[in-house]
Amino acid sequence: MSRIGKLPITVPSGVDVTIDGQTVTVKGPKGTLSHEVAEPIVVARDEDGTLAVSRPNEQRKSKELHGLSRTLVHNMVVGVTDGYEKKLEIVGVGYRVLAKGPNQLEFSLGYSHTITVDAPEGITFAVESPTKFSVQGIDKQSVGEVAANIRKLRKPEPYKGKGVRYAGEQVRRKVGKAGK
223 MSRIGKLPIT
233 VPSGVDVTID
243 GQTVTVKGPK
253 GTLSHEVAEP
263 IVVARDEDGT
273 LAVSRPNEQR
283 KSKELHGLSR
293 TLVHNMVVGV
303 TDGYEKKLEI
313 VGVGYRVLAK
323 GPNQLEFSLG
333 YSHTITVDAP
343 EGITFAVESP
353 TKFSVQGIDK
363 QSVGEVAANI
373 RKLRKPEPYK
383 GKGVRYAGEQ
393 VRRKVGKAGK
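Residue numbers (our numbering): 223 to 402.
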């Protein structure tokens with residue numbers, strides 16, 4: 223039983239939802255997102271203005287896709303109204319980030335060279351300080367993917383904790399070599 227799939231999706235004012243067969247398009251103040259809903263799942267608009275996601279039968283595949291489809295459509299509605307943001311921080315002596323415009327970052331992460339990261343379509347970067355920055359956009363999946371790829375440039379290591387990490391992430395620390 224999908225408890226998430228049964229929840230209605232409230233559509234705030236200023237957001238236009240178009241359902242064309244299996245394609246759901248959400249247009250809001252921050253932009254437009256579109257998603258192809260998997261085949262057995264049906265998205266319909268209720269009379270009170272909310273969206274309802276339903277499954278036709280109780281087969282395993284339908285149950286698997288029910289909550290997922292509802293969550294993906296809900297994430298599109300939230301994305302075009304509020305947007306998504308992932309905050310990251312850099313820990314390490316000499317490690318820093320520089321903004322080269324809203325769509326490009328330059329990292330110094332202890333390598334012999336600097337690393338330049340370009341933002342894909344729909345993603346912007348904001349640098350608060352040389353060690354704190356954020357990834358912003360309307361698509362939750364692409365925001366998370368870009369943030370994960372940036373974190374991969376220098377993962378936090380367990381001995382000193384140096385590297386790129388999400389804000390508030392707890393890095394499990396190890397004890398170093400035993401001294402005599």
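Backbone N, C-alpha and C fix where the C-beta goes; we use that ideal spot for every residue, glycine too.
message = Let's test the definition: count the other Cβ atoms within 10 Å of the Cβ of Tyr306 and tell me whether it reaches 16, buried, or not, exposed.
response = What you label residue 306 is simply residue 84 of the sequence shown in a count that begins at 1. Buried, since its Cβ has 16 or more Cβ neighbours within 10 Å.
ask   = Based on the DSSP output, what are the partners of Leu273 in its beta bridges?
value = The residue given as residue 273 occupies position 51 in the sequence shown. Answer is Ile231, Arg267.
query = According to DSSP, which residues form a beta bridge with Leu385?
reply = Counted from its first residue, the sequence shown places residue 385 at position 163. Rather than Leu, the amino acid found at residue 385 in this sequence is Gly. According to the DSSP secondary-structure assignment, Gly385 is paired through a beta bridge with Val313.
Per DSSP, cross-strand counterpart(s) of Asp242 = As a position in the sequence shown, residue 242 is number 20, starting the count at 1. The partner list for Asp242 (beta bridge, DSSP) reads Thr245.
query = Going by Cα to Cα distance, which pick from Gly301, Gly271, Ile263 is closest to Gly250?
reply = Translated into positions along the sequence shown, residue 250 becomes position 28. Comparing Cα-Cα distances from Gly250 to each of Gly301, Gly271, Ile263, the minimum goes to Gly301.
ask   = Thinking just about the alpha-carbon of each residue, which of Val248, Arg282, Leu331 is nearest to the one in Lys374?
value = Residue mapping note: residue 374 aligns to position 152 of the sequence shown, counting from 1. Selected option, being the one with the closest Cα: Leu331.
Chain-order list of residues whose beta-carbon lies under 6 Å from that of Leu327 (same chain, five-residue window excluded) = Sequence index remark: in the sequence shown, residue 327 carries index 105 (1-based). When the five nearest sequence neighbours on each side are left out, the beta carbons in the same chain lying within less than 6 Å of the beta carbon of Leu327 are those of Val319, Val339, Phe347, in order along the chain.
key: Inter-stretch contact (C-beta, 8 Å, three-pair minimum) for the region 359-368 and the region 387-401   = Contact fails: fewer than three Cβ-Cβ distances are below 8 Å.
query = Straight-line CA distance for Val265 to Phe355?
reply = By one-based count along the sequence shown, residue 265 stands at place 43. By one-based count along the sequence shown, residue 355 stands at place 133. In this model, Val265 and Phe355 are separated by some 37 Å (Cα to Cα).
task = Provide the residue(s) that pair with Thr346 in DSSP beta bridges, ordered along the chain.
result = Numbered from its first residue, the sequence shown carries residue 346 at position 124. In DSSP, Thr346 forms a bridge with Gln358.
ask   = Using the beta-carbon count (16 or more within 10 Å), is Ile226 buried or exposed?
value = The residue labelled residue 226 in the question sits at position 4 within the sequence shown. Per the 10 Å Cβ criterion, exposed.
request  = Go through its chain and collect everything with a Cβ distance to Val239's Cβ below 6 Å, but skip five positions before and after it.
outcome  = As a first step, residue 239 must be located in the sequence shown, where it is residue number 17. Closer than 6 Å at the Cβ level, and outside the excluded window around Val239, lie Val233, Val248.
ask   = Considering His257, what are the terminal residues of the beta strand (DSSP E) in which it resides?
value = Within the sequence shown, residue 257 is the residue found at index 35, counting from 1. Unbroken beta strand (DSSP E) run through His257: 253-258.
request  = Go to Glu391, then tell me how far its alpha helix (DSSP H) extends in each direction, as first and last residue.
outcome  = As a first step, residue 391 must be located in the sequence shown, where it is residue number 169. Per DSSP, Glu391 belongs to no alpha helix (DSSP H) and is neither H nor E.
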